[in-house]
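Asker:
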Amino acid sequence: MSTARHLTSDDRAFLALLTETVYANPFGADQARLSRLLGQAAPLNTVSQAALYDQLMPALEARLAALRTHGLERIDHFQGEDQGLMRQVFLFHGYQRHYPLFDGLIEHQRLGRTTAPDLTWMPKLLDDLLGYGFDRTEARRWIALYYQLRRAYDFIERALAGRSEPMRALRRALWNSVFTTDLRSYTQLLWERMQDFSTLLLGETGTGKGSAAAAIGRSGVIPLDAQGNGFARSIEQTFTATNLSELSESLIESGLFGHRKGAFTGAVGDHEGLFARCDAYATLFLDEIGDVSLPSQTKLLRVLQERTFTPVGSHKPQRFEGRIVAATNRSLEELMGGDGFRRDFFYRLSGNIIRLPTLRERIADTPEELEELVAALLSRMTGEAAVVLHERIMDALDALPAGYPWPGNVRELEQALRRVILNGCFVPDALPGGPESGADPWLAATEAGTLDAADLLAGYCRRLYDRLGTFEAVARVTGLDRRTVKRHIEG
958 MSTARHLTSD DRAFLALLTE TVYANPFGAD QARLSRLLGQ AAPLNTVSQA ALYDQLMPAL
1018 EARLAALRTH GLERIDHFQG EDQGLMRQVF LFHGYQRHYP LFDGLIEHQR LGRTTAPDLT
1078 WMPKLLDDLL GYGFDRTEAR RWIALYYQLR RAYDFIERAL AGRSEPMRAL RRALWNSVFT
1138 TDLRSYTQLL WERMQDFSTL LLGETGTGKG SAAAAIGRSG VIPLDAQGNG FARSIEQTFT
1198 ATNLSELSES LIESGLFGHR KGAFTGAVGD HEGLFARCDA YATLFLDEIG DVSLPSQTKL
1258 LRVLQERTFT PVGSHKPQRF EGRIVAATNR SLEELMGGDG FRRDFFYRLS GNIIRLPTLR
1318 ERIADTPEEL EELVAALLSR MTGEAAVVLH ERIMDALDAL PAGYPWPGNV RELEQALRRV
1378 ILNGCFVPDA LPGGPESGAD PWLAATEAGT LDAADLLAGY CRRLYDRLGT FEAVARVTGL
1438 DRRTVKRHIE G
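Numbering-wise (my numbering), the sequence shown opens with residue 958 and increments by one.
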């Protein structure tokens, strides 16, 4: 047993720089620190700086090997602040050595395989963490953290296509929603305590709010099971989504809170609502929260404030253990501008607000984003055929008017790809020449060249409003202010 000792000043400086870097948001840009650690300029065009962390391992391995020659290879071999630093170093070292094992587990679940995943490596990982000097309880916790980190990285980095700055900012925000801005504090103070941190996603229709919510929901803590040979939940058990705009008032209450037999006509048995089905490791996604009535907002506010709910027809409150992520396609100005949305409900709901970028913002920042997104969407749709179809798709999209605003965002782009595959071309619905040509007098007059500028703009605004649903959305597409848009639409 070696005598407890301190690190050298050189080792301490290197390892402190390492931990400051690798415990930061992996979707941030910290080229200076990474370049110092790598001994060369770090590339700028990576989606995540964590993609470079494997390159840090040789230098770290060399320093750990040198420490072992002095008998310093466990946490308890160090003193004072060095002990805390080495705890972080050993935790990172273990993660980098074993993350491919977690990738295999995630892929197994992603593919929906019915066979049990191979977890024969779990005891060896536990032994490795015990070898660093972590006790058994702490080691089990770190294994759960490794799994959480890898799921978050997978769903935030790989499931969201695009390298534009708006998408980089979105990834950073999603990571912070899961781990906060300080991963080290999260592991010490907030692990398993994120249920009270609700998130509100704002974005136009088709920007991917559902994917963003799933990235948060599927990135929560999943502890090891009692035996320590696997995990207590599958990934799919941690995320439940519902679209509130598709439910009637009565169905919202029954669907969310559940009901008791005889609570209303047709309630022939007890029904467990979504809140009851979410345990402490689950996230409930409430889409289109901006369309919920004031009475339902009042009931949801109670859940957020008191963490309790009462099924319809019952007087016995139940506890909600999970986390809430909500979304709306309405802007903050529109959401809070009238009397239809309670401010106290908004403030409890918006512990964190994340705005999803529009497709036109992404393309304006990085024009290559369109081609990258096409490739990603095609791959999901057609698999290996994507390579063959890619050039034909891009040729068809190049025929669109310059600066086409993509009012339907990524969802519209996805439908555009399907139309090109089926028909060989894509004609936007909202522009002259769309499917409604010939039946719409405004389109016919546009093609004939008989409209003045005011009528042309008014007709375009009305059709965008029919499609997008809000004055604010039309204003964003046209570049006009909201009052001007409203005047053109209401005529």
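No residue lacks a Cβ here, since even glycine has one placed at the ideal position from N, Cα and C.
1) Tell me, please, which residues DSSP counts as bridged to Ala-1284.
2) When DSSP labels each residue in this structure, what does Gln-1275 get in the three-state scheme?
3) Taking Arg-1141 as the reference, give the member of Ala-1073, Tyr-980, Tyr-1104 and Ser-1005 with the closest Cα.
4) For Lys-1273, which residues of its own chain have a beta-carbon under 6 Å away from its beta-carbon, when the five flanking residues on both sides are left out?
5) Grab me the residues of Trp-1099's own chain with a C-beta within less than 8 Å of its C-beta, minus the 5 sequence neighbours each way, in chain order.
6) Tell me, please, which residues DSSP counts as bridged to Asn-1200.
7) So, Val-1417 versus Ile-1446, is the Cβ gap smaller than 8 Å?
8) Over what stretch of residues does the beta strand (DSSP E) that includes Arg-1312 continue unbroken?
9) Could you tell me the alpha carbon to alpha carbon distance between Leu-1388 and Phe-1232, rounded to whole angstroms?
10) List the endpoints of the continuous alpha helix (DSSP H) containing Tyr-980.
11) Determine the extent of the alpha helix (DSSP H) in which Thr-931 is found, giving its start and end residues.
12) Can you tell me whether DSSP reads Leu-1181 as helix, strand or coil?
13) Under 8 Å between the Cβ atoms of Leu-1261 and Ile-1281?
14) Using CA atoms only, rank isn't needed, just tell me which of Leu-1335, Gln-1372, Phe-1383 and Val-1377 is closest to Pro-1529.
15) Give every residue of the same chain whose Cβ lies closer than 6 Å to the Cβ of His-1216, excluding the five residues on either side of it in the sequence, and list them in chain order.
16) What does DSSP give as the partner residue(s) for Phe-1449 in the beta ladder?
17) What first and last residue would you give for the alpha helix (DSSP H) that runs through Ile-1255?
18) On the DSSP bridge list, what partners appear for Phe-1266?
19) Which residue marks the beginning of the alpha helix (DSSP H) containing Lys-1166, and which one marks its end?
20) Considering only the alpha carbon of each residue, which of Ile-1209, Gly-1177, Gly-996 and Gly-1167 lies closest to Trp-1148?
21) Of all the alpha helix (DSSP H) runs that stay within the bounds of the segment 1294-1364, which reach a length of 4 or more residues?
22) Consider the C-beta atom of Leu-1292 and the heavy atoms of the ligand COA; say whether any pair is separated by less than 7 Å.
23) Thinking C-alpha only, which one of Arg-1376, Leu-1117, Thr-1003 and Thr-1137 is nearest Arg-1128?
24) With a threshold of 16 other CB atoms inside 10 Å of the CB of Glu-1393, please say whether the residue is buried or exposed.
25) For Asp-968, is the classification buried or exposed, using 16 other Cβ atoms within 10 angstroms of its Cβ as the cut-off for buried?
26) Using a threshold of 8 Å, state whether the C-beta atoms of Phe-1112 and Ala-1172 are closer than that.
27) By the 10 Å Cβ neighbour count, where 16 or more other Cβ atoms means buried, how is Ser-992 classified, buried or exposed?
28) Smallest Cα separation from Arg-1054: which of Arg-1107, Ala-1239 and Asp-1075?
29) In the DSSP assignment, what are the bridge partners of Phe-1035?
30) Would Thr-1199 and Gly-1174 be called neighbours here (beta carbons separated by less than 8 Å)?
31) Look up Glu-1393 in the DSSP assignment and say whether it is helix, strand or coil.
32) Quick one: give me the first and last residue of the alpha helix (DSSP H) that Asp-1139 is part of.
33) Look at the alpha carbon of Tyr-1089 and the alpha carbon of Lys-1081, and state the distance between them as a whole number of angstroms.
Answerer: Result, derived from the coordinates:
1) Residue pairing of Ala-1284 in beta bridges, as defined by DSSP: Leu-1158.
2) DSSP, read as helix, strand or coil, puts Gln-1275 in strand.
3) Residue nearest to Arg-1141 within the set Ala-1073, Tyr-980, Tyr-1104 and Ser-1005 is Tyr-980 (criterion: CA-CA distance).
4) Short of 6 Å from the beta carbon of Lys-1273, and not among the five residues preceding or following it, lies no beta carbon of its own chain.
5) Around Trp-1099: Leu-1048, Gly-1051, Leu-1086 and Phe-1091.
6) Asn-1200 is bridged to Asp-1244.
7) According to the sequence shown, residue 1417 is Tyr rather than Val. Their beta carbons are not under 8 Å apart, which means Tyr-1417 does not touch Ile-1446 by this criterion.
8) Where Arg-1312 is concerned, the enclosing beta strand (DSSP E) stretches over 1309-1312.
9) Note that Leu-1388 scores 45 on pLDDT, short of 50, meaning its location in the model is unreliable and no value can be drawn from it.
10) Run containing Tyr-980: none; DSSP gives neither H nor E here.
11) Given a span of 958 to 1448 for the chain in the structure shown, any question on residue 931 remains unanswerable.
12) Leu-1181 falls in the strand class under three-state DSSP.
13) Taking 8 Å as the Cβ cut-off, Leu-1261 and Ile-1281 qualify as a contacting pair.
14) As shown, the chain starts at 958 and ends at 1448. That puts residue 1529 outside it, with no answer to give.
15) Cβ neighbours of His-1216 beyond the five flanking positions: Ala-1224, His-1228, Pro-1268, Val-1269 and Gly-1270.
16) Since the displayed the chain opens at 958 and closes at 1448, residue 1449 lies outside it and no answer follows.
17) The amino acid at residue 1255 is misidentified as Ile; the sequence shows Thr. Annotation: the continuous alpha helix (DSSP H) that includes Thr-1255 extends over 1251-1263.
18) In the DSSP assignment, the residues bridged to Phe-1266 are Gln-1275.
19) From DSSP, the alpha helix (DSSP H) with Lys-1166 extends over 1166-1174.
20) For Trp-1148, the closest alpha carbon among the candidates Ile-1209, Gly-1177, Gly-996 and Gly-1167 is that of Gly-1177.
21) At a cut-off of 4 residues, the continuous stretches assigned as alpha helix (DSSP H) that sit fully inside the segment 1294-1364 are 1300-1306, 1316-1322, 1326-1339 and 1343-1355.
22) For the structure depicted, the ligand COA is absent and the ligand set is empty, with no information on it obtainable.
23) The residue among Arg-1376, Leu-1117, Thr-1003 and Thr-1137 with its C-alpha nearest the C-alpha of Arg-1128 is Leu-1117.
24) Note that Glu-1393 scores 39 on pLDDT, short of 50, meaning its location in the model is unreliable and no value can be drawn from it.
25) Burial call: buried.
26) Result yes, Cβ atoms of Phe-1112 and Ala-1172 sit closer than 8 Å.
27) The Cβ neighbour count for Ser-992, taken over all protein chains shown within 10 Å, is under 16; the residue is labelled exposed.
28) Among Arg-1107, Ala-1239 and Asp-1075, the Cα nearest to that of Arg-1054 belongs to Arg-1107.
29) Residue pairing from DSSP places Phe-1035 in a beta bridge opposite Arg-962.
30) Taking 8 Å as the cut-off, the beta carbon of Thr-1199 is found no closer than this to the beta carbon of Gly-1174.
31) Bear in mind that the predicted position of Glu-1393 carries a pLDDT of just 39, short of 50, making it unreliable; the figure below should be weighed with that in mind. Of the three classes helix, strand and coil, the one that applies to Glu-1393 here is coil, per DSSP.
32) Looking at the DSSP string, Asp-1139 is not in any alpha helix (DSSP H), and its letter there is neither H nor E.
33) If you take the alpha carbons of Tyr-1089 and Lys-1081, they lie about 13 Å apart.
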